[in-house]
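Structure first, then comments.
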Amino acid sequence: MIRFLRRIPLCSTPAVPRKAMSIWQPITQVRLSTSGHDASNISKEGELRKADLVAILAAEYKITLAQSARILDTVLDTIVEAVAKKHTVSISNFGKFEPITSPPRMYNHPQQKKQVWKEEITRVKFRPYVNFKECVSGKRVNVGSGDQEPTQEE
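FYI, the numbering for the sequence shown is 1256 to 1409, going by this note's numbering.
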């Protein structure tokens, strides 16, 4: 059993800050779905955080939270390092992370009333694949390869 703390708001009035009017309550059971990777156990309403992903990985593959955190960190660090080296990262049934480089240019600064030189900037663009778009829009119920058991090749 995984034990988490959850913030419960005591007042929903917009005039009162949420932090000031909330308590921390322990959750005795966390329901982690192993089929379909249900995202109903998120930390905040509408937000899936890294800790939630770590907990889902740990429950899905029956490993410790520390092991799943190391796995997730390795995957995320590898994506960041590859994009920083200006490589494109493609993840099947998910999407593509592409580095986009804007060329250097001159632009008019509105407050200083003069032209300013803007250097070359590299940004990251995420392009979701069709399966990702269909799942988000509700056209597709099954997320994809998550239902398959991992196989080991000899």
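Idealized CB from N, CA, C, for every residue including glycine.
Note to self: Can you look up residue 1288 in the DSSP assignment and give me helix, strand or coil?
What the structure shows: On the sequence shown, position 33 is the one that residue 1288 refers to. With a pLDDT of only 41 at residue 1288, under 50, the local geometry of the prediction cannot be trusted, and no value is derived from it.
Note to self: Quick check on the DSSP output: what are the complete beta strand (DSSP E) runs of length 3 or more inside the segment 1315–1372, in order along the chain?
What the structure shows: Here the runs fully enclosed are 1344–1346, 1350–1357 and 1360–1364.
Check: Can you tell me the Cα-Cα spacing of residue 1323 and residue 1341, whole angstroms?
Finding: Within the sequence shown, residue 1323 is the residue found at index 68, counting from 1. Within the sequence shown, residue 1341 is the residue found at index 86, counting from 1. Their backbone Cα atoms lie some 27 Å apart in a straight line.
Note to self: Rounded to the nearest angstrom, what separates residue 1385 and residue 1312 at their Cα positions?
What the structure shows: Translated into the one-based positions of the sequence shown, residue 1385 becomes position 130. Translated into the one-based positions of the sequence shown, residue 1312 becomes position 57. Cα to Cα, the separation comes out at about 24 Å.
Next item on the list: Rank 1375, 1394, 1303 and 1316 by C-alpha distance to the C-alpha of residue 1356 and give the top, closest one.
Entry: Stepping through the sequence shown from its first residue, residue 1356 is reached at position 101. Measuring from the Cα of residue 1356, the nearest candidate turns out to be 1375.
Next item on the list: Could you tell me which residues DSSP puts in a beta bridge with residue 1385?
Entry: Residue mapping note: residue 1385 aligns to position 130 of the sequence shown, counting from 1. Paired residue(s): none; residue 1385 is not in a bridge.
Notebook entry, point to check: Leaving out five residues before and five after residue 1371 in sequence, what residues of the same chain have Cβ atoms less than 8 Å from its Cβ?
Noted result: Residue 1371 sits at position 116 when you count from the first residue of the sequence shown. Excluding sequence neighbours, residue 1371 sits near 1361, 1362, 1363 and 1364.
Margin query: Using the three-state DSSP reduction, which class does residue 1396 fall into: helix, strand or coil?
Written below: If you number the sequence shown from 1, residue 1396 lands on position 141. Note: residue 1396 maps to coil in three-state DSSP.
Item checked: Own chain partners of residue 1350 with C-beta closer than 7 Å, once the 5 adjacent residues on each side are dropped -> Against the sequence shown, residue 1350 aligns to sequence position 95. Cβ neighbours of residue 1350 beyond the five flanking positions: 1381, 1382, 1383, 1384 and 1387.
Note to self: Can you find the residues in the same chain that come closer than 7 Å, C-beta to C-beta, to residue 1337, ignoring five residues on each side of it along the sequence?
What the structure shows: Your numbering for residue 1337 matches position 82 in the sequence shown. Closer than 7 Å at Cβ, skipping near neighbours: 1344.
Check: Leaving out five residues before and five after residue 1308 in sequence, what residues of the same chain have Cβ atoms less than 7 Å from its Cβ?
Finding: Position 53 of the sequence shown, counted from the first residue, corresponds to residue 1308. Cβ neighbours of residue 1308 beyond the five flanking positions: 1327.
Next item on the list: Using alpha carbons as the reference points, say which of 1393, 1339 and 1391 lies closest to residue 1379.
Entry: Position 124 of the sequence shown holds residue 1379. The candidate whose alpha carbon is nearest that of residue 1379 is 1339.
Check: Alpha carbon to alpha carbon, what distance is there between residue 1353 and residue 1301?
Finding: Taking the sequence shown and counting its residues from 1, the one referred to as residue 1301 is at position 46. Taking the sequence shown and counting its residues from 1, the one referred to as residue 1353 is at position 98. Straight-line Cα distance between these residues: approximately 26 Å.
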